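**Student:** Quick one: the structure is below, and I'll ask about it shortly.
Number of protein chains: 2
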Amino acid sequence: MAEKVTIATVARHARVSRQTVSNVLNSPHIVRQETRQRVEDAINALGYRANQAARQMRTGRSRLIAARIDPTRDGINGSVLDRFLHGLTETADAAGYRVLLYTATDDDREIATYGDLLGTYELDAFVLVGTKYGDPRTEWLADRDVPFVTFGRPWDALDAHPWVDVDGAAGTAQATRRLLEAGHRRIAFLGWPVGSGVGDDRRAGWRDALRAAGVDPTGLHRETEDGIAEGERLMRDLLVTVAPSAVVCASDSLALGALQAIRGVDPPVSVIGFDDTPVAAAVGLTSVSQPLGEAAARCVDLLTGVLDGAHETPTPVLLQPSLALRHTA
Amino acid sequence: MAEKVTIATVARHARVSRQTVSNVLNSPHIVRQETRQRVEDAINALGYRANQAARQMRTGRSRLIAARIDPTRDGINGSVLDRFLHGLTETADAAGYRVLLYTATDDDREIATYGDLLGTYELDAFVLVGTKYGDPRTEWLADRDVPFVTFGRPWDALDAHPWVDVDGAAGTAQATRRLLEAGHRRIAFLGWPVGSGVGDDRRAGWRDALRAAGVDPTGLHRETEDGIAEGERLMRDLLVTVAPSAVVCASDSLALGALQAIRGVDPPVSVIGFDDTPVAAAVGLTSVSQPLGEAAARCVDLLTGVLDGAHETPTPVLLQPSLALRHTA
DNA sequence: TCCAGAAACTTGAACGATCCAATCCTGCCT
DNA sequence: AGGCAGGATTGGATCGTTCAAGTTTCTGGA
Numbered sequence: 168m169a170e171k172v173t174i175a176t177v178a179r180h181a182r183v184s185r186q187t188v189s190n191v192l193n194s195p196h197i198v199r200q201e202t203r204q205r206v207e208d209a210i211n212a213l214g215y216r217a218n219q220a221a222r223q224m225r226t227g228r229s230r231l232i233a234a235r236i237d238p239t240r241d242g243i244n245g246s247v248l249d250r251f252l253h254g255l256t257e258t259a260d261a262a263g264y265r266v267l268l269y270t271a272t273d274d275d276r277e278i279a280t281y282g283d284l285l286g287t288y289e290l291d292a293f294v295l296v297g298t299k300y301g302d303p304r305t306e307w308l309a310d311r312d313v314p315f316v317t318f319g320r321p322w323d324a325l326d327a328h329p330w331v332d333v334d335g336a337a338g339t340a341q342a343t344r345r346l347l348e349a350g351h352r353r354i355a356f357l358g359w360p361v362g363s364g365v366g367d368d369r370r371a372g373w374r375d376a377l378r379a380a381g382v383d384p385t386g387l388h389r390e391t392e393d394g395i396a397e398g399e400r401l402m403r404d405l406l407v408t409v410a411p412s413a414v415v416c417a418s419d420s421l422a423l424g425a426l427q428a429i430r431g432v433d434p435p436v437s438v439i440g441f442d443d444t445p446v447a448a449a450v451g452l453t454s455v456s457q458p459l460g461e462a463a464a465r466c467v468d469l470l471t472g473v474l475d476g477a478h479e480t481p482t483p484v485l486l487q488p489s490l491a492l493r494h495t496a
Numbered sequence: 168m169a170e171k172v173t174i175a176t177v178a179r180h181a182r183v184s185r186q187t188v189s190n191v192l193n194s195p196h197i198v199r200q201e202t203r204q205r206v207e208d209a210i211n212a213l214g215y216r217a218n219q220a221a222r223q224m225r226t227g228r229s230r231l232i233a234a235r236i237d238p239t240r241d242g243i244n245g246s247v248l249d250r251f252l253h254g255l256t257e258t259a260d261a262a263g264y265r266v267l268l269y270t271a272t273d274d275d276r277e278i279a280t281y282g283d284l285l286g287t288y289e290l291d292a293f294v295l296v297g298t299k300y301g302d303p304r305t306e307w308l309a310d311r312d313v314p315f316v317t318f319g320r321p322w323d324a325l326d327a328h329p330w331v332d333v334d335g336a337a338g339t340a341q342a343t344r345r346l347l348e349a350g351h352r353r354i355a356f357l358g359w360p361v362g363s364g365v366g367d368d369r370r371a372g373w374r375d376a377l378r379a380a381g382v383d384p385t386g387l388h389r390e391t392e393d394g395i396a397e398g399e400r401l402m403r404d405l406l407v408t409v410a411p412s413a414v415v416c417a418s419d420s421l422a423l424g425a426l427q428a429i430r431g432v433d434p435p436v437s438v439i440g441f442d443d444t445p446v447a448a449a450v451g452l453t454s455v456s457q458p459l460g461e462a463a464a465r466c467v468d469l470l471t472g473v474l475d476g477a478h479e480t481p482t483p484v485l486l487q488p489s490l491a492l493r494h495t496a
């Protein structure tokens, strides 16, 4: 392989000092146009690339962002993370950052990993996907002034740290309104137990949309842990007790269960899921779709804002989901 | 925040020189037990972590492995990559490496990215998922002696470079044998156009298993691009022309299409898919399951083998898939 | 023409780890 | 007691970049 090209090689080739080359790269405006051109030509001719390790040593910044990759849980929601990570990588790249993966089995280990990543790699920032009430991870990071963004609101204190989220309530409300417009009145909701921020939010969207249309939502909802079997069980219960003509679900897993429960029921019950997962696309399930690429991009925006300048806490971003229409509603 | 802990801090604390600390970290065997213990205690007490940038500058090695994250293609196969990446991150971590993500829209850009990653981050190795005949990427990497492993065989030259793969033929053969044991004779195959290594391999497994059982596979297979709609179309064709009692598919997408085509057909046609994606689990589709975590682990093994020592090209690894039994077969 | 001040560029030092070569012990043998 | 071999330890140089301070060149006004 060719000789290693360093800043000194470029300097020699352009007949300037190392520092001038460095200035061309980092503060071009203080270099005379003619000199700058000469240096840039040399950089291109030699194929020079600034060595990140050396730069990092001096500046203390790695231009690396960490993101966690989960073991695919129930499998269905896996692809959400997948798409988000792709968007993150793409946008971060454009902003001059790279994405480093890590995993952890529980919060304690995850925090230990933070320490490791910060200590050995001097990571610039973290992106956390999903947070819960009183999340120890965000607390740890905030205590140490480590820049981070969460994809998912901090439900207990909306101004605790920068975040990007998708308006779940708006999504379920939109789904509900669509069903109302189609003439449905008895629109049920299948969701998660009270207490999870995301779940409560999605249920609220459905409830408020019904109320706005003058329909009383009382008794029309059921709660359970996520899962296809659970969804099927609760949907059967709903069919017997309140006989809804349509149902909005907090996830595609629940919606899939609901679909199985209503098989053969006539007239057909409309079903709308949440997350627009591949499964939904595969079975033709109408589902609320999150703009994941956009969410990832905004996460990077917030981070670069914090990293490259402004000390003020950036404004949180709340994105609007859309409805992926298929044939179940 | 606390004072930065460097190797000098540890040395002072343990009353030894920097070099001794370095030796404890890199060649523990040459340090006297008692001294080593004292240094290790100091490391723990101070929470010291070797700065990777400084280490990298001297050694030229980053302990970073690059992996590509694709835009989720048809969505269904996304989770395969997801699970593989998770496994990769986990195993690499255990081996002291970290996984860096990159994306690219085509081969040229991907190769440009290699140059960038190698130049600026001095990446130690690449993991490529899926290769095609005469892949320009592997060629580029091999030309420059950049260590890399592919998950997927180099179909044109099996000893071209280290690889890990799952025996697709064994998977379809196993699926076929299961159907044979269940009494099926007219077992069709839904696959991809001739010319893709993976597709041809999977078809061969089905064909050979049929022949071994004395069944003539002629006319029992159909080829198409991947996709649910395509699968449905071809399955309808098969039903009309050869009326199979079971079908083995090259992917879950095709299998899903097949499932839709056979809805209402009596007696029910058995279907087996490939990849054991979340969709398969969701709809109860029996599917060939690839040991993705294991595959990722072996990729890391091969890489660390190349990176940490032996100059000889390591032996490729061919893993056996298993059958995830559900209610479609 | 001369000089102050700004702009442009150059030089030396530092970041934190590892490698190399030289020195210091320590115990052992004669 | 002296010498020696061997392992353990030390100091200095180095990786490629940026920062801080120093030097030269340019510009414009008196």
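If you're matching them up, the sequences are chains A and B in order.
Using our numbering, you'd call the opening residue of the first sequence number 168 and step up by one each time.
Using our numbering, you'd call the opening residue of the second sequence number 168 and step up by one each time.
Each residue gets a CB set at the ideal place from its N, CA and C atoms; glycine is no exception.
On a predicted model such as this, the values are computed, not experimentally measured, just so you know.
1) Check the Cβ-Cβ distances between G286/B and every residue of chain A, and say whether any is below 8 angstroms.
2) Along the stretch 432-450 of chain A, where does the CB come closer than 8 angstroms to a CB of chain B? Name the residues.
3) Scan the stretch 280-314 of chain B for residues whose Cβ lies nearer than 9 angstroms to a Cβ of chain A and list them as they occur along the chain.
4) Please name the residue in A271/B, T258/B, G263/B, G254/B whose C-alpha comes closest to that of H253/A.
5) Tell me the DSSP bridge mates of L231/A?
6) Spell out a yes or no on whether the stretch 179-189 of chain A and the stretch 190-198 of chain B are touching, meaning 3 or more CB-CB pairs, one atom from each, closer than 8 angstroms.
7) Do you know how far the Cα of A449/B is from the Cα of V446/A?
8) Counting pairs of beta carbons, one from the stretch 420-438 of chain B and one from the stretch 300-310 of chain B, are three or more of them closer than 8 angstroms?
9) Which partner residues does C416/B have in the DSSP bridge list?
10) Using three-state DSSP, classify A327/A as helix, strand or coil.
11) Between R276/B and chain A, is any beta-carbon pair separated by less than 8 angstroms?
12) Could you tell me which residues DSSP pairs with R388/A in its beta bridges?
13) Could you name the residues that DSSP lists as bridge partners for T305/A?
14) From Y264/B to P321/A, what distance separates their C-alpha atoms?
15) Less than 7 angstroms between C-beta atoms, sequence neighbours within five positions excluded: which residues of the same chain meet that for L474/A?
16) Which residues in chain A have a C-beta closer than 8 angstroms to the C-beta of V266/B? List them in chain order.
17) So for D208/B, helix, strand or coil by DSSP?
18) Along chain A, which residues have their Cβ under 7 angstroms away from the Cβ of A221/B?
19) So V415/A and T495/A are supposed to be a Cβ contact under 8 angstroms. How far apart are they, rounded?
20) Ends of the alpha helix (DSSP H) at G460/B?
21) Take R179/A as the anchor and find which of Q200/A, D208/A, R199/A has the nearest alpha-carbon.
22) Report the rounded CA-to-CA distance for E390/B versus F441/A, giving the unit in angstroms.
23) With hydrogens ignored, establish whether the beta-carbon of E397/B is closer than 7 angstroms to any heavy atom of the ligand ZN.
24) Which same chain residues end up closer than 7 angstroms to F251/B when comparing Cβ atoms and leaving out the 5 residues on each side of it in sequence?
25) Among D260/A, L346/A, E348/A, V409/A, which one has its Cα closest to the Cα of C466/A?
26) Going by DSSP, which residues form a beta bridge with S456/A?
27) Tell me which residues share the same chain as I395/B and place their Cβ nearer than 6 angstroms to its Cβ, disregarding the 5 neighbours each side in the sequence.
28) At the 8 angstroms Cβ level, is D468/A part of the contact set with chain B, yes or no?
29) Between which two residues does the beta strand (DSSP E) carrying L295/A extend?
30) Please check the pair Y269/A and T280/A, which I expect to be a contact at CB under 8 angstroms, by giving their CB distance rounded to whole angstroms.
31) Assuming G358/B contacts G366/B (C-beta within less than 8 angstroms), just tell me the rounded distance between them.
32) Taking D237/A as the query, report the chain B residues whose CB atoms sit under 8 angstroms from its CB, ordered along the chain.
33) Would you kindly work out how many angstroms separate the C-alpha atoms of L231/B and I278/A, rounded to a whole number?
34) Which residues does DSSP pair with G440/A in a beta bridge?
35) Measuring only the C-alpha atoms, how far is T176/A from A217/B?
36) Within 10 angstroms of the Cβ of P483/A, are there 16 or more other Cβ atoms? Answer buried if so, exposed if not.
**Tutor:** Short version:
1) yes
2) T444, P445, V446, A448, A449, V450
3) T280, G282, D283, L284, L285, G286, T287, Y288, E289, R311, D312
4) A271/B
5) R265/A
6) no
7) 7 angstroms
8) no
9) L357/B
10) coil
11) no
12) One point to set straight first is that residue 388/A is His, not Arg, in the sequence displayed. H388/A is bridged to F356/A.
13) Partner(s): none; T305/A has no beta bridge.
14) 32 angstroms
15) D291, A292, P314
16) L267, L268
17) helix
18) M224
19) At roughly 11 angstroms, the Cβ-Cβ gap does not stay under 8 angstroms, so V415/A and T495/A are not in contact.
20) 459-474
21) D208/A
22) 34 angstroms
23) Ligands displayed in this structure: none; no statement on the ligand ZN is therefore possible.
24) V296, F318, L459, A462, A463
25) D260/A
26) S489/A
27) S420, L423, G424
28) no
29) 292-296
30) 5 angstroms
31) 5 angstroms
32) H253
33) 21 angstroms
34) S454/A
35) 29 angstroms
36) buried
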